[in-house]
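Chemist: Residue numbers (our numbering): 2 to 113.
Even for Gly, the Cβ is constructed at its ideal location relative to N, Cα and C.
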């Protein structure tokens, strides 16, 4: 039988803890980006005419092509995948795997 207290103490230590921390931070950054985009940016752009919408979206796409966003976007995926692999066999594995699966599953947007 596994010692749960020992397992919990090992989650925050060493490489597994560092990778899990990086996964949490990058997931938080990308989640915040998705949230503000869906709650503020898209509704605001929806109020403008089509030409403005297209121009602004193209400008934002150009702005998002940068190393900082790429590192956050891909880091969320990679850190979470590595963390899930490192935590296999622990009680945290299911939660990290759920986060990874939800990150990979595209959400459907509302269409009006």
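1) Comparing alpha-carbon positions, which option in 16, 15 and 29 lies nearest residue 100?
2) Considering only the beta carbon of each residue, do residue 77 and residue 24 sit closer than 8 angstroms?
3) What whole-angstrom Cβ distance do residue 31 and residue 73 have, given they're in contact under 8 angstroms?
4) When you compare only the Cα positions, how much space is there between residue 49 and residue 79?
5) Put residue 48 into one of helix, strand or coil per three-state DSSP.
6) Whole angstroms are fine: how far does the CA of residue 62 sit from the CA of residue 84?
Modeler: A quick look at the data gives this:
1) 29
2) yes
3) With a Cβ gap of about 6 angstroms, residue 31 and residue 73 count as contacting.
4) 37 angstroms
5) In the structure shown, residue 48 adopts coil according to DSSP, grouped into three states.
6) 30 angstroms
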